[in-house]
Structures are given as C-alpha cells and as structure tokens.
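One structure below.
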Amino acid sequence: MSMISQMSRSKWELVSTTPRFHDVRAMWFSSEHLAGVLCCACRPLGAMLRQGGEDASEMIILTSKGDFTTWTTVHREAGRVDDISHAGGVLHVIGARQRGDGQMQQLLLRSVDAGASWTTIPLGGPAQRQGLAFVSPRSGYVWSATDLRMTRDGGQTWSTSILSTPKNSSLARPSLGADGTLWLATEDHLYYVREDRAFDGGALPAGLELCFLQPTNAGGVLLLGRAGDPGASGLPVELHERTGSGSLRLCREFPPFLPDYFHASGRFLLITGTTTHETSMRPLLFFSHDAGDTWFEENDDALPVVKGAHFEDGANRLWIRASFDRILRRNFGR
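Position 199, counted from 1, in the sequence shown is what the UniProt record's numbering calls 199; the numbers after and before it change by one each time, with no gaps.
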C-alpha cells in the first residue's frame with residue numbers, strides 16, 4: 001500500500017443554492033448531466049431548525065432544471081421525507097404524512113416525470129421503514145431496523161420478510177450495488193440480497209466498528225470503520241474489502257479520525273470526516289483514483305460537509321450535496 005500524499009487541490013465550484021431552509025436530499029443525472037434536484041423543507045421552530053421529525057409541520061419537495069436558479073414546488077403536505085431512490089428515470093420517496101388524529105402514517109411517493117407530478121401509495125403494516133432502494137422502475141426494497149421487504153410492482157404490494165435480524169441486532173447501512181445486489185449489516189455480520197433471497201456474507205472483520213458500506217463493480221463490498229475498543233478514543237480507521245469470492249482483505253489503515261461520509265464510484269473513492277486539531281475539530285478528506293492503491297489527503301477548515309455525491313467518470317468531476325443548502329462540484333482530475 002502506498003503512502004497517503006498531500007495534494008494541491010482544485011477549487012469547489014458553487015452550482016446552486018436552494019431556497020432558505022430547504023435541504024437538498026437527492027440529485028439525479030441523465031447522460032452524466034445534472035437533470036434534477038429534490039429538496040425538503042426544514043422549518044425553523046423557535047430557536048431550532050428541525051428537519052423531519054414528527055413535530056415538523058410540512059414536507060415540501062422542490063425540483064429545478066436548467067441553471068438551478070428557478071425552483072418549482074411539486075409536492076406539499078404535512079409530514080416528512082425519510083429517504084429517496086432514483087432508478088430508470090423513476091423517483092421514489094418514502095416518508096410519512098400527518099393524519100387528522102395527529103399520528104404519522106407512512107407512505108410512498110412515486111414520480112415517473114422527473115418530479116413534475118407524484119402518485120401517493122400508502123404503506124401498511126406496523127414496521128417503521130427507514131429507507132428504500134429501487135433496482136429498476138418497479139422493483140425495489142424497503143427496510144426498517146429489523147426487517148427487509150421487496151416489491152416488483154412499484155410499491156403496490158410487498159413481499160413477506162426477506163431478512164429479519166437476530167435477537168438484539170438491527171440492520172444497518174444498506175447500500176445498493178450497480179449489479180442490483182443490496183448489501184447490509186448487523187453489528188457484527190454482513191448480508192447481501194439478490195432478488196428476493198438473502199445470503200450470509202460472513203462475519204465482519206474482528207474489532208471493526210462499521211461506519212459505511214460501499215459496493216464495488218467487481219461484485220464485492222468495501223467496509224469502512226473504526227478499529228479497536230468502541231469506548232476508546234483515538235481509534236484508527238480501517239478500509240476492508242470483501243471480494244466477490246467472499247474473502248476479506250485489509251486495504252488501508254488511516255490515522256484516527258471520525259468518518260462522516262464514504263463514496264465509491266468505479267475506481268474513484270472519497271472519504272470525509274473530522275479530526276482533532278489543537279482544541280477544535282478540523283474537516284479532512286481522502287480520495288483515490290485507483291480503487292485505493294494511492295490516496296491523497298486534504299485537511300482544511302474550508303472543506304465542505306458532504307451529504308451525498310455523484311462522480312462523473314468521463315470528466316473526473318464530483319458533484320456533492322453540501323451543508324447550507326448548497327450543490328457544489330469539483331474537478332478531481334490527476
């Protein structure tokens with residue numbers, strides 16, 4: 001493994017800002033060009049800014065095309081948005097609306113016209129769904145902390161449970177691969193799902209407190225986590241790969257920091273987090289162009305907080321959803 005190098009960086013370019021108190025939750029692309037953005041309202045309540053949560057009063061979805069200076073409200077109701085998935089030109093949003101009795105009822109929103117109009121599909125059952133991932137316009141998964149289910153008809157009907165967690169465990173960090181495989185984990189075990197069948201992916205690396213999963217193009221998955229006693233401070237961060245054949249290997253050990261985002265697209269990898277600098281926390285960023293063989297490090301108070309990303313392979317350009325309602329992009333060419 002090569003050393004981690006410092007590199008003079010290109011600048012982040014501000015593409016757009018959304019209306020105040022609107023959080024960018026998803027971006028979708030067409031032929032590698034940004035085609036739309038979906039935002040959700042963050043309403044200021046007193047001195048606090050609340051997003052989602054059962055006391056948030058409105059769910060507002062905005063879309064924008066072209067130069068991203070003009071925004072259109074395409075959905076508005078009392079409720080919240082929990083997760084968003086985009087596949088084959090169809091958008092699915094899982095969330096909840098506020099009923100007349102004040103309780104929250106989960107629902108699925110579906111758009112086949114890039115967010116211009118939406119169909120509402122009620123979600124029955126007691127499970128509190130936390131996320132979703134669609135493989136195609138009509139086939140996808142929803143999950144809660146203890147349960148995973150699949151649909152083949154755009155959310156009209158759902159399978160019985162595909163995967164339930166062992167006692168005192170919960171499903172975490174699901175991530176969908178380009179081949180349609182869904183990877184997810186419990187506290188100490190890895191699973192993967194193809195179609196409506198769940199498979200045992202084996203135990204996680206010993207001593208690894210898993211933070212993120214990212215599938216690879218070779219049918220495996222990358223595991224990023226902190227190594228050592230979870231109660232200790234100054235833990236190193238390790239990147240492991242479970243290959244398509246099922247073997248585990250340690251790819252990289254990083255110096256101690258707190259990971260907060262991990263993105264993998266082909267051979268481009270991006271990791272962000274914070275590290276202690278004197279008496280304060282400083283943002284840092286690691287990236288690799290060659291699937292982790294060579295890494296570059298940046299640490300700067302001006303680094304953006306990354307909440308979502310899309311990498312343009314042909315242009316070596318990264319688009320990110322950043323804090324403060326911003327969409328940024330940057331050329332990561334060599």
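We put the CB at the ideal spot given by N, CA and C, even for glycine.
Query                                                                                                            : Result
Distance between residue 256 and residue 209 (C-alpha atoms, nearest Å)                                          : 13 Å
Residue burial classification, residue 302 (beta-carbon count within 10 angstroms, cutoff 16)                    : exposed
Whole-number beta carbon distance between residue 110 and residue 118, since they are thought to touch under 8 Å : 7 Å
Of the residues 325, 324 and 318, the one placed nearest residue 12, counting alpha carbons only                 : 318
Presumed contact (8 Å Cβ cut-off) between residue 62 and residue 69, rounded CB distance                         : That pair is no contact at about 12 Å.
Pair within 7 Å by beta-carbon distance, residue 81 and residue 100                                              : no
Segment limits, beta strand (DSSP E) that includes residue 156                                                   : No beta strand (DSSP E) contains residue 156, which DSSP labels as neither H nor E.
Segment limits, beta strand (DSSP E) that includes residue 215                                                   : 208 to 215
Beta-carbon separation (whole angstroms), residue 229 vs residue 204, contact threshold 8 Å                      : The pair is not a contact, with the Cβ atoms about 15 Å apart (cut-off 8 Å).
Under the three-state DSSP convention, the category residue 288 falls into                                       : strand
Span separating the alpha-carbon of residue 315 from that of residue 289                                         : 13 Å
Counterpart residues of residue 63 in DSSP-defined beta bridges                                                  : 72
Buried or exposed (CB count within 10 angstroms, at least 16 for buried), residue 241                            : buried
Candidates 296, 150 and 29, of which the one nearest residue 272 by Cα                                           : 296
Identity of the residues DSSP links to residue 24 by a beta bridge                                               : 39
Proximity below 7 Å, CB of residue 243 to CB of residue 225                                                      : no
Local Cβ density within 10 Å of residue 98, reported as buried at 16 or more and exposed below that              : buried
Anticipated Cβ contact below 8 Å, residue 306 with residue 322, distance rounded                                 : 6 Å
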